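Below is one structure, written out as structure tokens, with a few remarks after it.
Protein chains in written order, with the working numbering: chain A, 3 to 338; chain B, 3 to 338.
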């Protein structure tokens, strides 16, 4: 796995290999500006205004899955990156790469989902592009969105602001999206309960706005899951994280499937959840505000920031402790 | 070809089939805002500021071709869309879809080209995304860029401003990019002269700025070529276009190859040229300004706007006239 001369599937997994590729090939070339530190979205000056700009490509397979489609993901993925970066999403681009032979009805269903998701968030699709490649040169369709938002005043978000004693909130059950897509792909019957969590998180961000100055960091745990987000946040810093296994909300069906597959749910992607790390003083208030929202019904305080420099530790149900590492390569290819 | 139930290659060709798909599936869902009229880039209010926003995906094959690579295209394609919409490009996103097995050296070469092209234009790559798909699920790599620019004051561009008597300028030889990629793909030896024209056009736009109020419309003739751009501009309007074949600049090698292949160069993509339609009063001045630039050495006045409603007509070298139509489907797949 060391210094491969070709791209491996694991380079896209959101884990250690991904990070190595990004650091060596992207940050080395483009990292002298807003890309530095690899935020989910770039914060940019434009005239007197601060804007937030982000992009994601979507290659999920299957295109339609329980609880959503690549169309929902294409909207939620980008607007959520903007939201957790403290931006209010306003405009989206939409670029399609279509495979010759794709059924038009599938395209229509996906575009309907894009439209519905954009309307729900209140973003406008304002520009786009369509390419077609021959049979066998893509897998049905790939989408890309880029989004522009305006910075919400008050938020000043950076993992460098994390302090021991800060509290970690999760907005809902963890790993549903990854498990639902996996089940759909493998044709596993896992009951009605296992559906993707794909959804916008902007209402959750807005609900935390009254305490914005005491919110230190927010992220949506997508590829690489909660484990990757938290490890990236504390890597090379004087702080660490302690998670309490009994407090982390999981859906029963997701937990059962992950056990069968031997996958740690902390490594599994959500597409409609967010983590928020804030001072203890406002944590219960944000939790209450979240629980009052449909998107935050299962919100919970799941742990805290520690002095255990650079380490993410899980206190297990029986009181033991284990290190929560970043996945090396690719657990679940093409999950988003 | 009527009402197919599946995506055809021609849906991506920039011709009539493409336009039908976009009208029926995209404009019908998202066309009530800035997408209306399908400009190359969206013009958006953001606070007190007007910004220009555009996106393109790139699926060119081969990835490296005479005169450039998919990396150059990914920068030039998007910044040129912004430039011909009267915007000064400032920021770019960069999203990669990589195929498992892609040689890292190819990726590095492409990213070097992205970097060089961005530096030349003065845009910053500020956010990005990397996905990896399994072997056989994409063809090496696909790129997407989205770009944000600030509106250059003075330009007010729309094909609705075209008036009979307006003059049409082309900034250089037509069809070089498409022919160079075609030659590379087919392994044709066509001499040193046939290289892609991939280049930024922002200097050409800036050179026309002193006469901005008399510039009515600008576009870069990419997919579907000069024929598609001009047909789209006059479609359904009270004006038409007369092109003079003897005035259109072609590179000898491109003309020879197009003749061999039976392809009309008016249908072939450029990636570093632009068309500008303006009042006659300033046309010679803009032409002189262009010719003083390295990008505009072969610039020429190639025709004029007429009262021949909705029609693009070519006056041939021997004095005959023929209608210049839009290609139906796909002449040159994966040219950009």
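Beta carbons: idealized from backbone N, C-alpha and C, even for Gly. None of these values were measured; they are calculated from a predicted model.
Residue j beta carbon less than 8 Å from that of residue i
i                      : j                      : result
residue 61 of chain A  : residue 43 of chain A  : no
residue 169 of chain B : residue 282 of chain B : yes
residue 223 of chain A : residue 300 of chain A : no
residue 309 of chain A : residue 316 of chain A : no
residue 209 of chain B : residue 292 of chain B : yes
residue 108 of chain A : residue 233 of chain A : no
residue 91 of chain A  : residue 151 of chain A : yes
residue 220 of chain A : residue 267 of chain A : no
residue 18 of chain A  : residue 51 of chain B  : no
Residue i burial status per 10 Å Cβ neighbour count (16 or more: buried)
i                      : result
residue 12 of chain B  : buried
residue 332 of chain A : buried
residue 294 of chain B : exposed
residue 248 of chain A : exposed
residue 97 of chain A  : buried
residue 142 of chain A : buried
residue 312 of chain B : exposed
residue 3 of chain B   : With a pLDDT of 46 at residue 3 of chain B, under the threshold of 50, the modelled position of that residue is not reliable, and the figure given next carries that caveat. Result: exposed.
residue 138 of chain B : exposed
residue 94 of chain B  : buried
residue 161 of chain B : buried
Residue i versus residue j - alpha carbon distance
i                      : j                      : result
residue 231 of chain B : residue 148 of chain A : 25 Å
residue 40 of chain B  : residue 46 of chain B  : 14 Å
residue 183 of chain A : residue 76 of chain A  : 15 Å
residue 136 of chain A : residue 175 of chain A : 40 Å
residue 303 of chain A : residue 156 of chain A : 23 Å
residue 197 of chain A : residue 68 of chain A  : 5 Å
residue 207 of chain A : residue 131 of chain A : 30 Å
residue 269 of chain A : residue 63 of chain A  : 18 Å
residue 280 of chain A : residue 164 of chain A : 8 Å
residue 23 of chain B  : residue 106 of chain A : 10 Å
residue 369 of chain A : residue 82 of chain A  : Any property of residue 369 of chain A remains undetermined from this structure, which presents chain A solely from 3 to 338.
residue 20 of chain A  : residue 14 of chain A  : 5 Å
residue 167 of chain A : residue 325 of chain A : 19 Å
residue 36 of chain B  : residue 129 of chain A : 7 Å
residue 116 of chain B : residue 57 of chain A  : 17 Å
residue 272 of chain B : residue 99 of chain A  : 21 Å
residue 16 of chain A  : residue 123 of chain B : 31 Å
residue 185 of chain B : residue 134 of chain B : 29 Å
residue 306 of chain A : residue 31 of chain B  : 45 Å
residue 104 of chain A : residue 140 of chain A : 10 Å
residue 200 of chain A : residue 179 of chain A : 7 Å
residue 187 of chain B : residue 181 of chain A : 42 Å
residue 229 of chain A : residue 327 of chain A : 7 Å
residue 287 of chain A : residue 153 of chain A : 23 Å
residue 265 of chain B : residue 80 of chain B  : 26 Å
residue 337 of chain A : residue 284 of chain A : 34 Å
residue 261 of chain B : residue 6 of chain B   : 31 Å
residue 38 of chain A  : residue 25 of chain A  : 10 Å
Residues that residue i bridges to, as DSSP identifies them
i                      : result
residue 52 of chain A  : A/47
residue 135 of chain B : B/101
residue 144 of chain B : B/99
residue 93 of chain A  : A/126, A/150
residue 318 of chain B : Per DSSP, none; premise fails for residue 318 of chain B.
residue 170 of chain A : A/279, A/305
Residue i versus the options, residue with shortest Cα-Cα distance
i                      : options                    : result
residue 274 of chain A : A/34, A/205, A/291, A/100  : A/205
residue 74 of chain A  : A/294, A/80, A/119         : A/119
residue 86 of chain A  : A/246, A/202, A/237        : A/202
residue 226 of chain A : A/161, A/143, A/329        : A/329
residue 254 of chain A : A/195, A/218, A/286        : A/195
residue 320 of chain A : A/96, A/138, A/246         : A/246
residue 177 of chain B : B/256, B/213, B/31         : B/256
residue 190 of chain A : A/306, A/263, A/29         : A/263
residue 277 of chain B : B/88, B/327, B/334         : B/88
residue 48 of chain B  : A/338, A/126, A/34, A/26   : A/126
residue 28 of chain A  : B/111, B/91, B/33, B/216   : B/111
residue 8 of chain B   : A/70, A/59, A/102          : A/102
residue 289 of chain A : A/172, A/216, A/242        : A/172
residue 318 of chain A : A/284, A/244, A/285, A/261 : A/244
residue 241 of chain A : A/259, A/287, A/218, A/258 : A/218
residue 114 of chain A : A/70, A/144, A/84          : A/70
residue 59 of chain A  : A/72, A/25, A/52           : A/72
Residue i: CB within 7 Å of a non-hydrogen atom of the ligand FAD
i                      : result
residue 236 of chain B : Of ligands this structure carries none, so the ligand FAD is not represented either.
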